[in-house]
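A.B. asks: Residue numbers for the sequence shown follow the numbering used here, so the first one is 9 and each next one is one higher. Glycine included, every Cβ here is placed at the ideal spot set by N, Cα and C. Since the model is a prediction, treat every value here as computed from it, not as a measurement.
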Amino acid sequence: MGVLDDVLALVRRRVVVYQREAQVMLERPPEVEHWDVVNALTRLETEGSLMSQEFGKPKQRWYFESGKSWSDVERMVWEKAELVKVYSNYDYDFVSAPEGSRYDDYSEYLLEGAFKKCGCVLFGKSTSYFGGREYRPQGEQPGRPPDLDFTVGALGCKLLMGIQVKNMLGYPAQEDVEQLIDICSVLELRPVMVARMLSGVQVERMFGVGGYAMIYKRWLLKPGMTRGVFNRISDAGKRGSLLGLPVSIHRWTPDFLVRKVGEAVASLSSRC
9 MGVLDDVLAL VRRRVVVYQR EAQVMLERPP EVEHWDVVNA LTRLETEGSL
59 MSQEFGKPKQ RWYFESGKSW SDVERMVWEK AELVKVYSNY DYDFVSAPEG
109 SRYDDYSEYL LEGAFKKCGC VLFGKSTSYF GGREYRPQGE QPGRPPDLDF
159 TVGALGCKLL MGIQVKNMLG YPAQEDVEQL IDICSVLELR PVMVARMLSG
209 VQVERMFGVG GYAMIYKRWL LKPGMTRGVF NRISDAGKRG SLLGLPVSIH
259 RWTPDFLVRK VGEAVASLSS RC
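(1) Counting only the same chain and skipping the five closest in sequence on each side, list residues whose C-beta sits under 6 Å from that of G121.
(2) Can you list, in chain order, the residues of its chain with a C-beta nearer than 7 Å to that of I191? Leave out the 5 residues immediately preceding and following it.
(3) Using the DSSP secondary-structure output, state which residues sit across from G121 in a beta bridge.
(4) Taking C-alpha atoms, which residue in L163, G132, M84 lies nearest to S109?
(5) Determine the direct distance from the alpha carbon of L253 to that of W86, and round the result to whole angstroms.
(6) If you measure between the beta carbons of L251 and E29, is that distance less than 8 Å?
(7) With a Cβ-Cβ cutoff of 8 Å, do I189 and P199 count as a contact?
(8) Mapping DSSP to helix, strand and coil, what is L88?
(9) Name the DSSP beta bridge partners of R36, please?
(10) Hey, is the stretch 50 to 64 in contact with the stretch 211 to 218, meaning 3+ C-beta pairs nearer than 8 Å?
(11) Distance check for I223 and R235, CA to CA, integer angstroms please.
(12) Nearest CA to the CA of D13: which residue from I257, V23, S57?
(13) Residues in its own chain within less than 6 Å of K268 by CB, not counting five upstream and five downstream?
(14) Please work out which residues of its chain come closer than 7 Å, Cβ to Cβ, to V194, disregarding the five sequence neighbours upstream and downstream, and give them in chain order.
(15) In angstroms, rounded to a whole number, what distance separates the CA positions of P38 and G208?
(16) Taking Cβ to Cβ, would you say F238 is nearer than 8 Å to G245?
(17) Thinking just about the alpha-carbon of each residue, which of K88, G161, S96 is nearest to the one in K124?
(18) Tell me whether G164 is buried or exposed, calling it buried when 16 or more other Cβ atoms sit within 10 Å of its Cβ.
(19) Just the C-alpha distance for L229 and E116, rounded to the nearest angstrom, thanks.
(20) Using the C-alpha atoms, what's the distance from Y114 back to E62?
(21) Under the DSSP definition of a beta bridge, which residues are partnered with Q27?
(22) Could you name each continuous alpha helix (DSSP H) segment of 4 residues or more that falls completely within the stretch 138 to 196, going from the start of the chain to the end?
(23) So within the stretch 197 to 264, which uninterrupted beta strand (DSSP E) runs reach at least 3 residues, ignoring any that extend past its ends?
(24) Locate the alpha helix (DSSP H) running through R20, then write down its first and last residues.
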C-alpha cells in the first residue's frame with residue numbers, strides 16, 4: 009500500500025484525525041516522512057475522498073471521510089480536541105529535587121541520567137563554552153543566545169560531544185539541526201541530536217558531519233498528568249486510548265534511554 013492508501017485506511021479506522029495525529033501514526037522515515045502524510049491528506053481532500061474542518065484551541069484541521077458530515081464526527085473531535093489542549097498546555101520545564109537544577113524540558117533531566125549511567129562525564133549544561141572556546145553567532149539575535157543542552161565526555165573523555173535534546177511530536181526544525189552543527193564545529197565537539205523522531209534528511213545530515221542522530225521514539229512528559237487523561241492520550245492506555253500517541257511518563261531514567269546513549273557512544277567511538 010502507498011501513503012495515500014495508508015492515510016485513507018487510518019482515517020477510516022479512527023473516524024476523524026488531525027494532522028499531527030496522522031503524521032505520528034504513520035511515520036516511517038525515510039520511507040514515510042511527516043510531509044508525505046500532509047501531502048497525502050491534501051491530495052485525498054482535493055480528490056474528494058476526505059473532507060476537513062478547522063476546530064479547537066490550538067486550532068487543528070480535522071479530516072474525515074467525505075461520506076460523513078461534521079455532525080457525525082463532532083463529538084469525537086470535541087473529545088480529541090480536549091486532549092490536545094491538555095498536552096499543548098502541559099508544563100514541560102522541570103526543577104530537580106533536592107539539587108534544584110533547572111531544565112527547560114523534563115526529557116533533559118532523563119537524558120542527563122542516561123549519560124551518567126553510561127559512565128559519561130557532564131561538563132556543562134545550557135552552555136556555549138567549552139575548552140576555552142566560545143560560540144558567538146554573528147549579528148544581533150533576539151532572545152537567549154543559542155547554546156547546547158549538554159557538553160559531555162565519554163571513554164575517558166577521548167570522545168567529546170555536544171548534545172541538543174528536542175523532545176516533541178514533530179521533527180525538530182532544520183535550523184536547529186544546523187545550529188547544533190555550527191556550535192559544535194566552533195567548540196570542536198561531536199554533535200549529537202537527541203529527539204523523539206528525526207526525518208531521514210536530518211539523520212543523514214548528522215551522520216554526514218561526523219555526528220549522531222539519537223532517536224528514542226517516545227514523547228517524554230514529566231509526572232503530574234492524571235492517569236485517566238494519560239491513558240486517553242498515550243498508546244500505553246491500549247484500547248482505552250483515544251489518541252494512541254507514543255507518550256511516556258517516567259519518574260526515573262528508563263532503560264531504553266540508557267541503551268540509546270550506549271549505542272550513540274559506541275557508534276561515535278568507532279568513527280574516531
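C.D. replies: So, to answer that:
(1) Walking along the sequence shown from the start, residue 121 turns up at place 113. Here the set comprises T261.
(2) Taking the first residue of the sequence shown as 1, we reach residue 191 at position 183. Closer than 7 Å at Cβ, skipping near neighbours: S136, Y143, P154, L156, G170.
(3) Within the sequence shown, residue 121 is the residue found at index 113, counting from 1. The partner list for G121 (beta bridge, DSSP) is empty, contrary to what the question assumes.
(4) By one-based count along the sequence shown, residue 109 stands at place 101. Cα-wise, what sits closest to S109 is G132.
(5) The residue given as residue 86 occupies position 78 in the sequence shown. The residue given as residue 253 occupies position 245 in the sequence shown. Rounded to the nearest angstrom, the two C-alpha atoms are 17 Å apart.
(6) One-based indexing of the sequence shown puts residue 251 at position 243. One-based indexing of the sequence shown puts residue 29 at position 21. Their beta carbons are under 8 Å apart, which means L251 touches E29 by this criterion.
(7) Counting from one through the sequence shown, the residue named residue 189 turns up at place 181. Counting from one through the sequence shown, the residue named residue 199 turns up at place 191. Yes, the pair counts as a contact, with Cβ atoms nearer than the cut-off.
(8) To locate residue 88, count along the sequence shown from 1; it is residue 80. Note on identity: in this sequence residue 88 is Lys, with Leu being the wrong assignment. DSSP places K88 in helix when its eight states are reduced to three.
(9) Position 28 of the sequence shown, counted from the start, is the residue given in the question as residue 36. Per DSSP, V40.
(10) no
(11) Numbered from its first residue, the sequence shown carries residue 235 at position 227. Numbered from its first residue, the sequence shown carries residue 223 at position 215. Each residue's CA atom was taken as its position, placing R235 and I223 some 26 Å apart.
(12) As a working mapping, residue 13 is identified with position 5 in the sequence shown. Answer by Cα proximity: S57.
(13) Position 260 of the sequence shown, counted from the first residue, corresponds to residue 268. Hits under 6 Å: M222, Y224.
(14) Numbered from 1 along the sequence shown, position 186 holds the residue referred to as residue 194. Closer than 7 Å at Cβ, skipping near neighbours: R141, Y143.
(15) Against the sequence shown, residue 38 aligns to sequence position 30. Against the sequence shown, residue 208 aligns to sequence position 200. Taking C-alpha positions only, P38 is separated from G208 by approximately 4 Å.
(16) Numbered from its first residue, the sequence shown carries residue 238 at position 230. Numbered from its first residue, the sequence shown carries residue 245 at position 237. Cβ distance < 8 Å, so F238 and G245 count as in contact.
(17) Indexing the sequence shown from 1 puts residue 124 at position 116. Of the listed residues, the one whose Cα sits closest to K124 is G161.
(18) In the sequence shown, residue 164 corresponds to position 156, counting from 1. Around the beta-carbon of G164, fewer than 16 other beta-carbon atoms lie within 10 Å, marking it exposed.
(19) Counting from one through the sequence shown, the residue named residue 229 turns up at place 221. Counting from one through the sequence shown, the residue named residue 116 turns up at place 108. C-alpha separation (whole angstroms): 11 Å.
(20) Translated into the one-based positions of the sequence shown, residue 62 becomes position 54. Translated into the one-based positions of the sequence shown, residue 114 becomes position 106. Approximately 31 Å between the Cα atoms of the pair.
(21) As a position in the sequence shown, residue 27 is number 19, starting the count at 1. Q27 is not bridged to any residue.
(22) 182 to 195
(23) 198 to 203, 220 to 223, 227 to 229, 255 to 257
(24) Here the question's residue 20 lines up with position 12 in the sequence shown. Here the alpha helix (DSSP H) through R20 covers 11 to 22.
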